[in-house]
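In mature numbering (1 follows the signal peptide of the UniProt record, and there is no 0), the protein residues as written are -24 to -1, 1 to 102.
Laid out in structure tokens, this is it:
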């Protein structure tokens, strides 16, 4: 009985397993982008989270997660006709960041300051 074919098969299996381990699929890098909802006090509720999602998916952006938030560390006058700090946040594949940027969405890193480490506070969507 020849043991060489079994040895060759074992070596080939080990070799292929080593090669394929190097080809493992990496998870997509994510980035979180935001956009103002455009709420005008006493006048307009602005854009909803679903409307914002539809804007992005309509141009091919894959959304991983979404939430509503309010800008942190900024003061907004409570008067009819004034804007609010309401924003929508979407976590997307980093490859789509420029596409989202063309739609007016910005990276949340732009919101961070020494006084506001996150730049926003998550809130329940209305």
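Don't be surprised by glycine CBs; every beta carbon is placed ideally from N, CA and C.
Give the range of the beta strand (DSSP E) segment to which residue i is assigned.
i: residue 65; result: 62 to 69
i: residue 99; result: 96 to 99
i: residue 43; result: 39 to 47
i: residue 10; result: 6 to 12
Where do the N-terminal and C-terminal ends of the alpha helix (DSSP H) with residue i fall, by residue?
i: residue 76; result: 73 to 78
i: residue 102; result: That residue, residue 102, is in no alpha helix (DSSP H); it is neither H nor E in DSSP.
Identify whether residue i lies in helix, strand or coil by the three-state DSSP scheme.
i: residue 89; result: coil
i: residue 59; result: strand
i: residue 24; result: coil
Exposed or buried, residue i, counting other C-beta atoms within 10 Å across all chains shown (16 or more means buried)?
i: residue 4; result: exposed
i: residue 40; result: exposed
i: residue 55; result: exposed
i: residue 115; result: As shown, the chain starts at -24 and ends at 102. That puts residue 115 outside it, with no answer to give.
i: residue 76; result: buried
Can you grab the Cα-Cα spacing for the pair residue i / residue j, in whole Å?
i: residue 97; j: residue 15; result: 17 Å
i: residue 8; j: residue 31; result: 15 Å
Near residue i, which residues of its chain fall below 7 Å by C-beta distance, leaving aside the five closest residues on each side in sequence?
i: residue 21; result: 15
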